[in-house]
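Have a look at the structure below before the remarks.
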Amino acid sequence: MKPAMKLNLLRNQTLLALSLFRFPIFCALLLFGFNGYSKAGAEEVPQLPVQKVVMPDIMVTAPALVAPGEPFLIMYRTRPVTPVRIRLEAEVETRREETTEFTRIKLEGPDLTASSGKRQCVLKAPGVHYLTLTFSRENAGTIKKKISIKVLNTEELQKMAGATSWTLPDKAIYISPGAETKWSEVPNEKREQIRLEPKTFAPLKPVPEGENEWWPIEAWNEISSMLHLEWLPERNMVMAFENAARPSRDRVAYAAYIRNNYRIIFQTEIGRQSWIYIERPANLNVSKNAAQIENILPDSLLLPGTSFVARAFNRHRALKPDGTMESVHILLIHITQPSQVHLKMPGYK
Amino acid sequence: MKKSKIWRHLSAALLGLLICSSLAFAQEDEVAPPIVAKKTFQEWSLPENALFFKSDDAADWRQTPFEEREWIQVGSLSKNLFIALDPGDALQITRRGEYEVVDDMELKTQLREKVLAELSYAIHPDWLPAPEQMVVASLTHRSGAVRQVAHCAFSGAGFNGLYIATLGKDFWLYLEQVEPLPAGAKPIQAGDILDLGLNQTIQEPDSEWATRRVGVQSREFIRYRAYLPDGPYQRVRILLIHCRFADALNFRSFGYPG
Chain A
247 MKPAMKLNLL
257 RNQTLLALSL
267 FRFPIFCALL
277 LFGFNGYSKA
287 GAEEVPQLPV
297 QKVVMPDIMV
307 TAPALVAPGE
317 PFLIMYRTRP
327 VTPVRIRLEA
337 EVETRREETT
347 EFTRIKLEGP
357 DLTASSGKRQ
367 CVLKAPGVHY
377 LTLTFSRENA
387 GTIKKKISIK
397 VLNTEELQKM
407 AGATSWTLPD
417 KAIYISPGAE
427 TKWSEVPNEK
437 REQIRLEPKT
447 FAPLKPVPEG
457 ENEWWPIEAW
467 NEISSMLHLE
477 WLPERNMVMA
487 FENAARPSRD
497 RVAYAAYIRN
507 NYRIIFQTEI
517 GRQSWIYIER
527 PANLNVSKNA
537 AQIENILPDS
547 LLLPGTSFVA
557 RAFNRHRALK
567 PDGTMESVHI
577 LLIHITQPSQ
587 VHLKMPGYK
Chain B
4 MKKSKIWRHL
14 SAALLGLLIC
24 SSLAFAQEDE
34 VAPPIVAKKT
44 FQEWSLPENA
54 LFFKSDDAAD
64 WRQTPFEERE
74 WIQVGSLSKN
84 LFIALDPGDA
94 LQITRRGEYE
104 VVDDMELKTQ
114 LREKVLAELS
124 YAIHPDWLPA
134 PEQMVVASLT
144 HRSGAVRQVA
154 HCAFSGAGFN
164 GLYIATLGKD
174 FWLYLEQVEP
184 LPAGAKPIQA
194 GDILDLGLNQ
204 TIQEPDSEWA
214 TRRVGVQSRE
224 FIRYRAYLPD
234 GPYQRVRILL
244 IHCRFADALN
254 FRSFGYPG
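Each protein sequence line maps, in turn, to chains A and B.
Heads up, the first sequence stops at 595 in the working numbering, and the numbers go up one at a time, no gaps.
Heads up, the second sequence stops at 261 in the working numbering, and the numbers go up one at a time, no gaps.
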């Protein structure tokens, strides 16, 4: 056999062997060659561990009632966590009579990077607006929160207007059964009074989490859900505090104001219970706008089985312990929230 | 006998009957009918006058932070249990003041009637316990104020119940059923128990009146319940109802709690 023919035969045999055993060869290369290559690569370029980013739970608040075009704040807060960069967008669904409109509004400002933040917002069209707020964080997905805001129309604004502040020099009122009875001479256990700012109250602080802006909004929302427009104070009349009387340091608020001939004090332990004091001069003729429960509280609270109680009193009221007593007719309403029914030692009080 | 005479006798008899019946009705009007429980309940024995709750069966009740603990205590705690609880609980108990069961039979009867009358402002007669099942006591607060209180633990077909009342102020009704419910059993709802058709509005615009006499709230829970902090615990469905009276609303204890 010629050397050239030998070479040709060897080449053909090799090609045949390769074609027959190509799959085992491929597997061997895969197991030994590529594995060794990747191991070598891992030693040279170490991979960074993947950091798990969690979207924190977020609470949102905004005033429930606003005027058209009135700037208001949308506030958010989370548990105090490492500051996170959050992008905020709002999608607005507006319901007016029988129409529903969807719009997207941009809440101007840089990304939020703290455990609380706020954005100013303006809504112009009267009606109920359902805002879907999208909080998004890099590598952590998004959280959507819904809030509803009612933009009042002209007629509703007129109904709500007209509240003036009731100035109480002692931040208290003193109540006596008779005009001749001096309040300071009434035995301690029988004394009747309302104190608006007991010694246990402390002002809310701007830190942490914008407390001083958050709780007045929450208080306003509670008041506006419990009274018809004709009985509401102005939003800026609501004073909010922290109450150190209990370890839970409850947030509380009050408003003292006058509407028509009625003097009103609204007090609330936010999220727990509220008291509404409404007085009118005893000699005032009761007219159509008289302080009747049906005219004061919304229908949702008037249903049977809801937790409010109400009582009326004939008393004399002064603004100083021994000040001039005025004969007044008082309606007192107490409303408790569902959060008050729990298994943490309900029982005798 | 003449016809006219018969008519005279008949009309006289009818008149007499009318007067007697009206007198009987007048007498009934003057005396309020006693409140009678329609069903009889068995006693529900609470060995330590307390119930302990957990949301998670694997959790240790004693290890739960004080402000998150769920439990109900009626009457006075036994000394052993009192010591077993942590100092935070001791504060809670001390704040409640002295608890003393009323032994005087006449006073006990009076108070039992009063409690049942108050329960009947909101509770359907089917759910009222018998007066003798009600334990009445006086509770002296540290401030010196004395309140009359009452409780009654009872059992019926497929449920246990507990009334806790502060006379003139409010009462709680705790009802539990085993969870899951046995086949064919229905969960008890607040609407099955409450009877709020009456007593809601007494309105006289220029005098003192109560326009909403009873305020009601109710909630449902699923929990693990035991008679002792360490168990054994049983999974139960709970209906908790709170009723309070407008009569307790005043300007003496008015406002934020101090």
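Don't be surprised by glycine CBs; every beta carbon is placed ideally from N, CA and C.
Enumerate in chain order the residues of its own chain whose CB-to-CB distance from residue i is below 6 Å, with the five nearest sequence positions on each side excluded.
i      : result
W521/A : Q513 and H580
E476/A : K405
Quick check on the burial criterion: 16 or more other C-beta atoms within 10 angstroms. Buried or exposed for residue i?
i      : result
S394/A : exposed
S48/B  : exposed
P479/A : buried
P132/B : buried
D623/A : Residue 623/A lies beyond the stretch modelled for chain A, which goes from 247 to 595, so this question has no answer here.
S411/A : exposed
V368/A : exposed
T570/A : exposed
S598/A : The requested residue 598/A does not occur in the structure, where chain A is confined to residues 247 to 595.
R481/A : buried
P527/A : exposed
P309/A : buried
R441/A : buried
A93/B  : Legend: pLDDT at A93/B = 41, less than 50; position of this residue unreliable, no value from coordinates given.
K285/A : With a pLDDT of 38 at K285/A, under the threshold of 50, the modelled position of this residue cannot be trusted, and the question is left open.
I469/A : buried
Could you tell me whether the Cβ of residue i comes closer than 8 Å to any Cβ of chain B?
i      : result
R505/A : no
R619/A : Absent from the structure is residue 619/A, since the part of chain A shown begins at 247 and ends at 595.
I524/A : no
H562/A : no
R495/A : no
A490/A : no
S546/A : no
V484/A : no
H375/A : no
S471/A : no
S430/A : no
8 Å is my cut-off, CB to CB: does residue i come that close to chain A?
i      : result
Q237/B : no
I75/B  : yes
Q220/B : yes
F254/B : yes
A249/B : yes
F56/B  : yes
F162/B : no
H245/B : yes
R65/B  : no
F157/B : no
N83/B  : Confidence at N83/B is low in this model, with a pLDDT of 44, below 50, so the placement of that residue should be treated as unreliable; the coordinate-derived value is given next. For N83/B, the answer is no, since every Cβ of chain A falls outside 8 Å of its Cβ.
F283/B : An answer regarding residue 283/B cannot be provided, because it is not within the stretch 4 to 261 covered by chain B.
R115/B : no
R72/B  : yes
Is the CB-CB distance between residue i and residue j below 8 Å?
i      : j      : result
S215/A : H562/A : The first residue shown for chain A is 247 and the last is 595, placing residue 215/A beyond what the model contains.
L170/B : I244/B : no
S573/A : A425/A : yes
P314/A : V397/A : yes
N399/A : H474/A : no
L589/A : I75/B  : yes
V2/B   : R228/B : Residue 2/B is absent from the structure shown; chain B starts at 4 and stops at 261.
M321/A : W460/A : yes
A168/B : L242/B : no
L197/B : H154/B : no
V217/B : A125/B : yes
A499/A : I516/A : yes
K364/A : L319/A : yes
A336/A : L311/A : no
L199/B : V77/B  : no
P134/B : R115/B : yes
K172/B : A251/B : yes
K390/A : L379/A : yes
Taking CB distances under 8 Å as the criterion, tell me whether residue i reaches chain D.
i      : result
H474/A : As a matter of chain content, chain D is missing from the structure shown, whose protein chains are A and B.
Leaving out the 5 sequence neighbours to the left and right, which residues in its chain are closer than 8 Å to residue i when beta-carbon positions are compared?
i      : result
Q601/A : Limits of chain A in this structure are 247 at one end and 595 at the other, which puts residue 601/A out of reach.
Q45/B  : F157, S158 and G159
A188/B : G161 and Q180
Leaving aside the five residues before and after residue i along the sequence, list all residues of the same chain whose C-beta is less than 7 Å from its C-beta, in chain order.
i      : result
L577/A : I524, A537, A556 and A558
E103/B : A140 and S141
K428/A : D568
E457/A : L450 and K451
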